[in-house]
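**Q** According to mature numbering (1 follows the signal peptide of the UniProt record, and there is no 0), the residues represented by the sequence shown are -29 to -1, 1 to 586, in order.
Backbone N, C-alpha and C define an ideal beta-carbon position, used for all residues, glycine too.
Input: one structure, supplied below.
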Amino acid sequence: MRRSVLRRGYLLAAFAAATALAVPGTAMAATPAGHSPGGGAPPTGVTPSGATAVGFGGAVATVDPTATSVGLEVLRRGGNAVDAAVAAAATLGVTEPFSSGIGGGGFFVYYDARTRSVHTLDGRETAPVSMDQNAFVNSSTGQPYAFQEGRVSGISAGIPGSLLTWQTALHNWGSGSLRDALAPAIGVAQHGFPVDATFAGQISSNAAAFSQFTSTRALYLPNGAPPAVGSTFRNPDLANTYRLIARDGVRAFYRGPIAGDIVHTVQHPPLAADPAMPWAYQIRPGTMRTSDLAAYTVRQPAPTHVTYHGLDVYGMATPSSGGSTTGEALDILKNFDLAHESRTTAMNDYLEASALAFADRNRFVGDYTPRSELNALLTNDFGKQRACQVNQAHALAAPVGPGVPGGSAGCTASAGTADDSNEQSTTNLTVADRWGNVVEYTLTIEQIGGNAMLVPGRGFLLNNELTDFNFTPTQGSAPDPNLPGPGKRPRSSMSPTILLDHGRPFLAVGSPGGATIITTVLQILVNRLDFGMSLPDAIAAPRASQRNSATTDVEQPFLDSPQAGALAALGYKWGTPAEIGAATGIEFLSGNRLLAAAEPVRRGSGSAGVVHPTR
Ligand code: GLU
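Right under this line is the structure:
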């Protein structure tokens, strides 16, 4: 039925016109906006109303008003949640290019209303077959590279997975084609969008890295500086790349000319002879080959599953640790009555459950963790074993050691290793359609700006996802599950999560933010389900993130809360990063009403909208 709706006019006019192919990097760049043969006008049919929206007929929440608008327009024209999610993701590749795009990867979680089942796609970037365990160790010194040295290199670029994720999602569950889904983004790339302070700021904070590469500085530092806030930013090379993919399919990317350009960029980074700013490190090439791109696959693992307050919580399995770590923390928290404890005690439970779950993910979760071992982290018995280490009288002496999944352990916490990474990259989107299908999708190029190399003539940045591997072993005498390896996927923290109530969607939520993604999603669930906040309040509330480190990262406003002093008296020590996680989510209210919520302040605020504000 849905397909016939599409035949009657899905993505007409503005969208469909965008797929005519132009010669890369030539005529299109000079064509005046609005009159090009190849770019449809950006969609204007549905205007998202701000960070929160309530209504009917479908909803979209992203970090960006243009992407949300594109997703809503696809829904309004009869597309389903997968069509809208892919169109919005492709648009984010234009408007949020420092956090996402076809140079990166991600994890896609889908609720199918017809079968009432949850499915996932693992589009994680993958190491080339030539990568070995010492890829991030300097062979002349025997020392691991500094993080930025590893990041801004060809070594860090994994085989990108986003484009094949989009194709796979559309093939499995979509009702339109990849060509349809790319069309609005082509229009946005061709005609441009307004530069906001977040976009300009992300360039400024990367200016030294970007200025090392001829391609990156030409696009993002056109006169030696970021484009002015309020100016219109166009990326005609990316429009042409999308057009080529729309015409020739994903083959153009994984086996065709784009694959060749990616590999050339990795092996021969386009170094500027006269970089305007110094860079402290040698910029090393990588070893990715076209055969690595040709061999790339999107995996379709079963979601992780736990129950919490009678709801079924589905998340992402390996190589993400998102589903297992949020799931284990919820299994620990089940052993407490957070709603009726003092807020200080409940926050202590939340922070300690998170530290314990991180200890277990660091020890047990990596790409090759057998599913039986992952599932052993997600039993009520294991949650109970770990819960006995939660100390309500004193802050846990993090870092603590791992538990014994499937076995028994005493209540004395052992010492462990910390994970104190705290990035702010990545982007997240949530979509629901009129049929009740839901997409929760987190996508990334790892750091803001990825590995800083724009593929020349193609308009997209490469990821540095392989720096998510541990550069050297972290688990003492025990094996480290997250060391580099040939064809291996680095462990992720991305946590797209869908909650069902008796088989029907209750809530979908996800966030950016590196390892803080896990704690952001967990805290939103605790805020919503235990503390009774609305979804927008749960997203907006100041965050506290404990990732098995001696200090707990908190946002500045958290320090003004009554709990901060009480928790400090229990022994908590605070770190204060600028902000943690610009999340999005949708809650499914009674009477088919949808509550879409994006971040109201963080990362310049997000954008939520519904197809029909009233029934
Ligand atoms: N690379 C991170 C991960 O997969 C996401 C990037 C970020 O949000 O910093 O967990």
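Report buried or exposed for R573, applying the criterion of at least 16 other Cβ atoms within 10 angstroms of its Cβ.
**A** Burial call: buried.
**Q** Inspect the beta-carbon positions of F502 and G64 and report whether they are closer than 8 Å.
**A** Not in contact: F502 and G64 (Cβ atoms no closer than 8 Å).
**Q** Tell me the DSSP bridge mates of V581?
**A** Answer by DSSP bridge pairing, in chain order: A30.
**Q** On a CA-only basis, which of A535, G421, I557 and T91 is nearest S176? Give me that one, please.
**A** The shortest Cα separation from S176 among A535, G421, I557 and T91 belongs to G421.
**Q** For ligand 1, is there a heavy atom less than 7 Å away from the beta-carbon of S505?
**A** Flag unset: Cβ of S505 not near ligand 1.
**Q** Counting along the chain, where does the alpha helix (DSSP H) carrying F224 start and finish?
**A** Here the alpha helix (DSSP H) through F224 covers R222 to Y225.
**Q** Alpha carbons only, please: which of S516, L92, P533 and S520 is nearest the one belonging to E526?
**A** Among S516, L92, P533 and S520, the Cα nearest to that of E526 is on S516.
**Q** Going by CA-CA distance only, name the one from D302, P376, G26 and A369 that's closest to V336.
**A** When only C-alpha atoms are compared, the closest one is P376.
**Q** Rounded C-beta distance between V371 and F27? I'm assuming under 8 Å.
**A** Contact flag wrong, Cβ pair sits at about 47 Å.
**Q** Three-state secondary structure (DSSP) at A210?
**A** In the structure shown, A210 sits in a helix (DSSP, three-state: H, G or I).
**Q** Run the CB neighbour count on R460, radius 10 Å, all protein chains shown included, and call it buried at 16 or more, exposed below.
**A** Buried: at least 16 other Cβ atoms inside 10 Å.
**Q** Tell me whether D524 counts as near ligand 1, meaning its Cβ is closer than 7 Å to at least one heavy atom of that ligand.
**A** No, ligand 1 has no heavy atom inside 7 Å of this Cβ.
**Q** Quick check for students: name the residue ranges of the alpha helix (DSSP H) that lie wholly in the region 482 to 522, counting only runs of 4 or more.
**A** Whole alpha helix (DSSP H) segments, 4+ residues: 487 to 496 and 506 to 511.
**Q** Roughly how many angstroms separate the alpha carbons of T522 and Q161, rounded to a whole number?
**A** For T522 and Q161, the distance between alpha carbons rounds to 46 Å.
**Q** S101 to S124, Cα distance in whole Å?
**A** If I take the Cα positions, the gap works out to 15 Å.
**Q** Enumerate, from N- to C-terminal direction, the unbroken alpha helix (DSSP H) stretches of 4 or more residues contained entirely within the region 119 to 164.
**A** With a minimum length of 4 residues, the continuous alpha helix (DSSP H) runs that stay inside the region 119 to 164 are 133 to 144 and 149 to 162.
**Q** Beta strand (DSSP E) containing residue 613: first to last residue?
**A** Residue 613 falls outside the range modelled here, since the chain spans only -29 to 586, and no answer is possible.
**Q** Hey, which unbroken runs of the beta strand (DSSP E) at 3 residues or more fall wholly within the region 243 to 290?
**A** Those beta strand (DSSP E) runs which fall completely within the region 243 to 290 and span 3+ residues are 275 to 279 and 282 to 286.
**Q** Contact between the region 466 to 480 and the region 277 to 294 is defined here as three or more beta-carbon pairs at a separation below 8 Å; is this criterion met?
**A** Yes, the region 466 to 480 touches the region 277 to 294.
**Q** Run the proximity test for D83: is its beta-carbon closer than 7 Å to any non-hydrogen atom belonging to ligand 1?
**A** No, the beta carbon of D83 sits no closer than 7 Å to any heavy atom of ligand 1.
**Q** In whole angstroms, give me the CA-to-CA distance for L322 and K305.
**A** Each residue's alpha carbon lies about 14 Å from the other.
**Q** With a threshold of 7 Å on Cβ separation, who are the neighbours of A347 within its own chain once the five nearest residues in sequence on each side are excluded?
**A** For A347, where only same-chain residues beyond five positions count, the Cβ hits under 7 Å are F353, P376 and G377.
**Q** Considering only the beta carbon of each residue, do G29 and A403 sit closer than 8 Å?
**A** Yes.
**Q** For G293, which three-state DSSP category applies?
**A** The answer is helix: DSSP assigns G293 an H, G or I state.
**Q** Going along the chain, which residues of its own chain have a beta-carbon closer than 6 Å to the beta-carbon of H583, five neighbours each way excluded?
**A** Only G26, F27 and G28 meet the Cβ criterion.
**Q** What is the DSSP secondary structure of Q475, counted as helix, strand or coil?
**A** Gln is not the amino acid found at residue 475; the sequence shown has Arg there. Three-state result, R475: strand.
**Q** S576 by DSSP, collapsed to three states: which one?
**A** S576 falls in the coil class under three-state DSSP.
**Q** My guess is that P131 and G74 are in contact by the Cβ rule of under 8 Å, so how many angstroms apart are they, rounded?
**A** The pair is a contact, with the Cβ atoms about 5 Å apart (cut-off 8 Å).
**Q** Which residue comes first and which comes last in the alpha helix (DSSP H) that contains V234?
**A** Element bounds for V234: P228 to Q238.
**Q** Whose CA, out of T185, W137 and S110, lies closest to the CA of G428?
**A** Closest by alpha carbon: T185.
**Q** Take T340 and list the residues in its own chain whose beta-carbon comes closer than 8 Å to its own, dropping the five residues that flank it on each side.
**A** Excluding sequence neighbours, T340 sits near T289 and P452.
**Q** Between G481 and A84, is the Cβ-Cβ spacing less than 8 Å?
**A** Contact flag unset, no.
**Q** Once the 5 residues before and after L149 are set aside, which same chain residues still bring their CB inside 8 Å of it?
**A** Cβ neighbours of L149 beyond the five flanking positions: V57, W137, Q138, L141, I216, A217, G220 and V221.
**Q** I believe I551 touches T491 by the beta-carbon criterion, under 8 Å. Please report the beta-carbon distance rounded to the nearest angstrom.
**A** Yes, they are in contact, since the Cβ atoms of I551 and T491 sit about 6 Å apart, within 8 Å.
**Q** Could you check where the beta strand (DSSP E) with E558 kicks off and where it finishes?
**A** From DSSP, the beta strand (DSSP E) with E558 extends over T555 to F559.
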